[in-house]
Structure formats: C-alpha cells, structure tokens
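Throughout the sequence shown, residue numbering follows our numbering, covering 183 to 281 in sequence. In what follows, a single structure is set out as structure tokens and then discussed.
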Amino acid sequence: MAAWWKLYPVRGNGWVPHPPAPADLPDPRFAVGAAVRLSGKPAVVRRVLAVEWHWIRREFSYIVETSAAPPFRPYWFAGQLAIEGQDAEPGAAPDTGRR
C-alpha cells in the first residue's frame, strides 16, 4: 500500500515533529523484554526490543522482534500489540494499518 500513513489519525499539526511532553509515558505493559503478540499475526509470540518516541504520531512505538533483516527495525503502537495471554489494549481504537 503506497499511502499507508494515511491510515493513521492526524494529531495536531500533522507532520511537524514533536518531542514528548512530561506527561507522555510509554505503556508499562510493553516494557523491553515483554512477550507480545501482533494483532495482525497473533500466532507468534515476540519480544519487545526497544521503546521509542514517534515524533510524528506523538506516541511511543515498540520495536518488536521479527524476521526482518537489520538495519530495518519494525515498530508497532500499543493498539497493535497484546501482552501474551491478554487481549489487545481495551481502550485503543482498532488499527488496521499494518494488518
């Protein structure tokens, strides 16, 4: 899909990068080392490798282990992940962008 970024909601001033505010904290369920499942591919349990601020989307992204070759580091957002043994984030809107 050529325009995948259009599937995500626009927050604030669109593509202008924004640093995290003091109140912006990563989801504690998805700490480095946590066992997670991708909403689009729930058959495989994966580990969170890193947590990074996404400057455009203004929320934390979670780099998750995949079969992708380095230096590519695939990332997902909290609404696209589920802790192993739990359902996806109950308050998050469904995110169909990476399914």
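Think of the CB as a built atom: it goes at the ideal place given N, C-alpha and C, for glycine as much as any other residue.
Inclusion of Ala-217 and Val-233 in the CB contact set at 8 Å is not warranted, their separation being larger than that value. Setting aside the 5 residues that flank it on each side, Leu-231 is surrounded in the same chain by Ile-245, Glu-247, each with a C-beta closer than 6 Å to its C-beta; the list follows chain order. Secondary structure note for Phe-242: its beta strand (DSSP E) is the uninterrupted segment 241-246. Here Pro-208 is not near Phe-254, since their CB atoms are 8 Å or more apart. Distance between Trp-235 and Leu-263, taken at the CA atoms: about 16 Å.
Exposed is the label assigned to Trp-237, since fewer than 16 other Cβ atoms lie within 10 Å of its Cβ. Secondary structure of Ala-260 (DSSP, three-state): helix. Boundaries of the beta strand (DSSP E) harbouring His-236: 223-236, taken from the DSSP string. When DSSP reads this structure, Ala-217 sits in a beta bridge with Arg-229.
If you check the CB distance, Arg-211 and Ile-265 come in under 8 Å.
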